[in-house]
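In structure tokens:
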């Protein structure tokens, strides 16, 4: 949608009610859902484990072991699982703790209590002898040496029989040792304990450097102290003095008490969760490192078909979240267990979220756990866990976990790999109809190409009716006569809007009747030789996805609402943080699953030229920082989201071209700061509405700036650029001066808008090509001036590499070579190139002059077809009006 359309509406609700049809498909995946399963036989506790970004261990301050000598192996009942920002993301009921005797605490006077405990400690010494000089010299405990030992460790905990994937390291009973949460070759205990070591970044960021140079040595030093004879005795003295567990590691869970306990409230790692060896029994959650420095305990692996435990949170000043446990494998048609979420990194200075656990194989694969999120200055998110594979036909593949959120000086965690499912995907094929044939479109370098390797250039329109919701084209009156009208005037693409709120009225419930209406238009267009670009053009999202935090909308006019509407920006921030929806699944995870459903519905259909992930993403409260030059939103929120959704699309549809946009502010000439979208066959979509007519000075350079920004990004990433919106006006100079640079640079486009959307154009003039598509396409129902501007001759299908084309004063000129853009030699002689020659421009016919080729189409055909001559390497075509 062009800037400002509909922006004055309240963004806290979805206009209109949405009722799912009788054919709605309910698909609420069990992302870590283990409701009803028990930790061990004979216990009444249950766990609902929905791994979401930032989920932490249920251990919190105040649930720490309290014995001066030994920490109890349980956590306090009723603890909540909370995200890094303190929001509750799930509730875990744990067994009644086995509490050891602790010193009485006089609640009325804490100072007096501490003093009394110090005195008691002096007169009631520990059993055994007082500390003696350690056997190693103090220099052996230096940070550098400790760091070397931790980073170069090669030992790996023994893998239990309950491990679900070859090479996955199982949870160790040692609280300070992490479990590797990624499949593949087993890593060292030290690497598994530290996500940035086990998953080295291609370009290490400052958080990585902080981890290696500061946290690893400090953590190693603290563990050396805690585990040394001297440290144990001194720590015990301190713990007894304070009357609580101040320094020390948590204790690993066991079958009776599955959750690891928290580390000391000053210093210490969380205990590892118990790895279940019982079918249907979830793994224990890792204990939190509630002190200033510490690593959360790893979640335990789930029993057969059960979810892995959630990793414990890292330290409050510096720390690393525990990795989530792996789900347990299932047999037959039973679903594999989901991976547990990685522990959060709430350290205010430094933190790395734990990696999500892997989902397991089964009849339906288990979902990967989400990586833990970080909130500190130096904070990076944990990697999402990989999903398991499914052996039954019907369900869609499980998706990998989302990466954890990053702080300003860190990196967002990467998404986990999706699983596979029997029967998916299928291969694409051409869609033929009485009026034309549409071949699959993909990318070759910076070009769009068809299945024969010919370059495809697309010119089209938007059919996106946004009032009150996104009407389907047929609901808006768009029908076969509109498709025939477009084809006759040389258009070969239509961008069709899909509304998330209509498609998914409730989490995991998809209205396939709605998609069937979209598909009817897609197939009808294909029968006229027109490809469809499916555009996720939702107005924010369904009501269940909007969390305003209780804030009221300011109802500010555009564009002030983008900057200062607290309700809208809170809802957007919550989405980009993968905030939890009512189904216990992150909003971005829900969106990815919805996109997987769409991609699967249209899988194998060559009539769909591509799927556009999201229209004009809004940065929320990152709007002003982005305007001022911050790349945080683009690099650490939008790019990871695109990678997550692209992975979901590719899980079911390996070939459909994926289009993605820069954030909304790119239309204000802000440079595109997106990172790399790690998927094959992708296109950068951009919108160009910054036309300013300076009278005799012509067009100010803003139009060119936007296009140049898009081209610069596309070239740097070796992908095509495509202008999916421009126009929104009846000012023909504005339309032409925005379109011409794209034509000059051989960039495809879809102009806004084919039909009347109910809103005025960007300059207040009518923006439609056709006012009402349900009425005859004659007279005042067609904007003939806009039609004349848009429908110019252009090459549609090129058997070679395009050089340049122009259209001036009624004369069209085009040159191209016969070299293939894939570098695989030349097209054979006789290969055909198709040029659109609209009758609007040549009402009395046209004449053609060709060098290096010859005309094989009928005289005055709307599609001029040129075949290359034998031995020709360059072909030139000139079209002009027929002689009177």
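In this note's numbering, the protein residues as written are 216 to 1099. Beta carbons are placed, not taken as given, at the ideal position from N, Cα and C, and that holds for glycine. Note that the structure is a prediction, hence the values are computed from the model and not measured.
Inset, instruction - Identify, in the order they occur along the chain, each residue of the same chain with its Cβ nearer than 6 Å to the Cβ of residue 584, setting aside the five sequence neighbours on each side. - result: Residue numbering aside, residue 584 sits at position 369 when the chain shown is read from its first letter. Cβ within range, chain order: 266, 539, 554, 555, 556, 571, 572, 600 and 616.
Legend entry - Nearest-angstrom Cα separation, counted from residue 587 out to residue 619: The count along the chain shown starts at 1 and reaches residue 619 at position 404. The count along the chain shown starts at 1 and reaches residue 587 at position 372. Looking at the two C-alpha atoms, the distance is approximately 5 Å.
Inset, instruction - Go ahead and pull the three-state DSSP assignment for residue 1010. - result: The sequence position of residue 1010 within the chain shown is 795, counting from 1. Residue 1010: strand per DSSP, three-state reduction.
Legend entry - Outcome for residue 1083 when other beta-carbon atoms lying within 10 angstroms are tallied against a minimum of 16: In the chain shown, the residue the question calls residue 1083 occupies position 868. Answer is buried; the Cβ neighbour count reaches 16.
Legend entry - residue 688 to residue 902 span [Cα, whole Å]: In the chain shown, the residue the question calls residue 688 occupies position 473. In the chain shown, the residue the question calls residue 902 occupies position 687. Approximately 21 Å, taken between the alpha carbons.
Legend entry - Reduced DSSP secondary structure (H/G/I, E/B, other) of residue 421: As a position in the chain shown, residue 421 is number 206, starting the count at 1. Three-state result, residue 421: helix.
Inset, instruction - Could you tell me which residues DSSP puts in a beta bridge with residue 1023? - result: By one-based count along the chain shown, residue 1023 stands at place 808. Paired residue(s): 1026.
Legend entry - Contact check, residue 1014 vs residue 1046, beta carbons under 8 Å: On the chain shown, residue 1014 is found 799 positions in, with the first residue counted as 1. On the chain shown, residue 1046 is found 831 positions in, with the first residue counted as 1. Closer than 8 Å, so yes.
Legend entry - Supposed close pair residue 830, residue 876 - CB separation, criterion 8 Å: Sequence index remark: in the chain shown, residue 830 carries index 615 (1-based). Sequence index remark: in the chain shown, residue 876 carries index 661 (1-based). Indeed they touch by this definition, with Cβ atoms about 7 Å apart.
Inset, instruction - Can you check the stretch 806-852 for any alpha helix (DSSP H) of at least 4 residues that lies completely inside it and give the ranges in chain order? - result: 838-842
Legend entry - Helix, strand or coil at residue 1064 [DSSP, three-state]: If you number the chain shown from 1, residue 1064 lands on position 849. Of the three classes helix, strand and coil, the one that applies to residue 1064 here is strand, per DSSP.
Inset, instruction - State the beta-bridge partners of residue 680 as determined by DSSP. - result: To locate residue 680, count along the chain shown from 1; it is residue 465. Note: residue 680 sits in a beta bridge opposite 686.
Legend entry - Three-way DSSP call (helix, strand, coil) for residue 867 in this model: Taking the first residue of the chain shown as position 1, residue 867 is located at position 652. Helix.
Legend entry - Beta-carbon proximity check, residue 629 vs residue 598, cutoff 8 Å: Counted from its first residue, the chain shown places residue 629 at position 414. Counted from its first residue, the chain shown places residue 598 at position 383. The answer is yes: Cβ separation under 8 Å.
Legend entry - Alpha-carbon spacing of residue 450 relative to residue 441, whole angstroms: Locating residue 450 in the chain shown gives position 235, where the first residue counts as 1. Locating residue 441 in the chain shown gives position 226, where the first residue counts as 1. So the alpha carbons of these two residues sit roughly 7 Å apart.
Legend entry - Backbone secondary structure at residue 624 - three-state DSSP: Reading the chain shown from its first residue, position 409 is the one you call residue 624. Residue 624: coil per DSSP, three-state reduction.
Inset, instruction - Kindly indicate which residue of 866, 853 and 841 has the alpha-carbon position closest to the one of residue 886. - result: Counting from one through the chain shown, the residue named residue 886 turns up at place 671. Among 866, 853 and 841, the Cα nearest to that of residue 886 is on 841.
Legend entry - 7 Å CB neighbourhood of residue 544 in its chain, flanking five on each side removed: Sequence index remark: in the chain shown, residue 544 carries index 329 (1-based). Taken in chain order, the residues that qualify are 379, 519, 551, 575, 576 and 577.
Inset, instruction - Figure out for me which residue from 756, 1026 and 445 has the closest Cα to the Cα of residue 1097. - result: Sequence index remark: in the chain shown, residue 1097 carries index 882 (1-based). Taking only the C-alpha atoms, the option nearest residue 1097 is 1026.
Legend entry - Option in 435, 747 and 776 with minimal Cα separation from residue 825: Indexing the chain shown from 1 puts residue 825 at position 610. Ranking the options by Cα distance to residue 825, first place goes to 747.
Inset, instruction - Give me the Cβ distance between residue 524 and residue 558, rounded to the nearest whole Å; I'm assuming they're in contact under 8 Å. - result: Within the chain shown, residue 524 is the residue found at index 309, counting from 1. Within the chain shown, residue 558 is the residue found at index 343, counting from 1. No, residue 524 and residue 558 are not in contact; Cβ-Cβ is about 10 Å, not under 8 Å.
Legend entry - Span separating the alpha-carbon of residue 864 from that of residue 810: Counted from its first residue, the chain shown places residue 864 at position 649. Counted from its first residue, the chain shown places residue 810 at position 595. Using only the alpha carbons, I get a separation of about 6 Å.
Legend entry - Rounded C-alpha distance that separates residue 952 from residue 1044: For the purposes of this step, residue 952 is identified with residue 737 of the chain shown, where counting begins at 1. For the purposes of this step, residue 1044 is identified with residue 829 of the chain shown, where counting begins at 1. Each residue's Cα considered, the two are about 37 Å apart.
Legend entry - Residue interval of the alpha helix (DSSP H) (run including residue 783): The count along the chain shown starts at 1 and reaches residue 783 at position 568. Its alpha helix (DSSP H) spans residues 781-791.
Legend entry - Three CB pairs or more closer than 8 Å across the stretch 673-685 and the stretch 793-801: no
Legend entry - Separation of residue 921 from residue 1102, as counted between CA atoms: No statement about residue 1102 is possible, as the shown extent of the chain runs from 216 to 1099 and does not include it.
Inset, instruction - Compute the Euclidean distance between the alpha carbons of residue 772 and residue 751, then round it to the nearest angstrom. - result: Taking the first residue of the chain shown as position 1, residue 772 is located at position 557. Taking the first residue of the chain shown as position 1, residue 751 is located at position 536. Answer to the nearest angstrom: the Cα atoms are 24 Å apart.
Inset, instruction - Just tell me which of 1093, 1077, 1089 and 1090 has its CA closest to the CA of residue 705. - result: Stepping through the chain shown from its first residue, residue 705 is reached at position 490. Nearest option by C-alpha distance: 1077.
Legend entry - Start-to-end residues for the alpha helix (DSSP H) that takes in residue 717: As a working mapping, residue 717 is identified with position 502 in the chain shown. Element bounds for residue 717: 715-718.
Legend entry - Residue from 707, 709, 708 and 727 whose Cα sits closest to the Cα of residue 716: By 1-based counting over the chain shown, the position of residue 716 is 501. That would be 727, whose Cα lies nearest to the Cα of residue 716.
Legend entry - Per-residue burial, residue 959 [other beta carbons within 10 Å of its own, 16 or more giving buried]: If you number the chain shown from 1, residue 959 lands on position 744. Exposed: under 16 other Cβ atoms inside 10 Å.
Inset, instruction - Spatial neighbours of residue 219 within its chain, please: CB distance less than 8 Å, with the 5 preceding and 5 following residues excluded, ordered by chain position. - result: Walking along the chain shown from the start, residue 219 turns up at place 4. The pLDDT assigned to residue 219 is 43, lower than 50, so where the model puts this residue is not dependable, and the model offers no usable value.
Legend entry - Cβ-based burial, residue 1071 [other Cβ within 10 Å; buried from 16]: Counted from its first residue, the chain shown places residue 1071 at position 856. Exposed.
Inset, instruction - Would you decide whether residue 843 is buried or exposed? Buried here means 16 or more other CB atoms lie within 10 Å of its CB. - result: Mapped onto the chain shown, residue 843 falls at position 628. The residue is exposed, with fewer than 16 neighbouring Cβ atoms inside 10 Å.
Legend entry - Pairwise C-alpha distance: residue 491 and residue 776: Counting from one through the chain shown, the residue named residue 776 turns up at place 561. Counting from one through the chain shown, the residue named residue 491 turns up at place 276. Roughly 51 Å between the two C-alpha positions.
Inset, instruction - In the DSSP assignment, find the beta strand (DSSP E) that holds residue 1083 and state where it starts and stops. - result: Here residue 1083 refers to the residue found at position 868 of the chain shown. Element bounds for residue 1083: 1078-1083.
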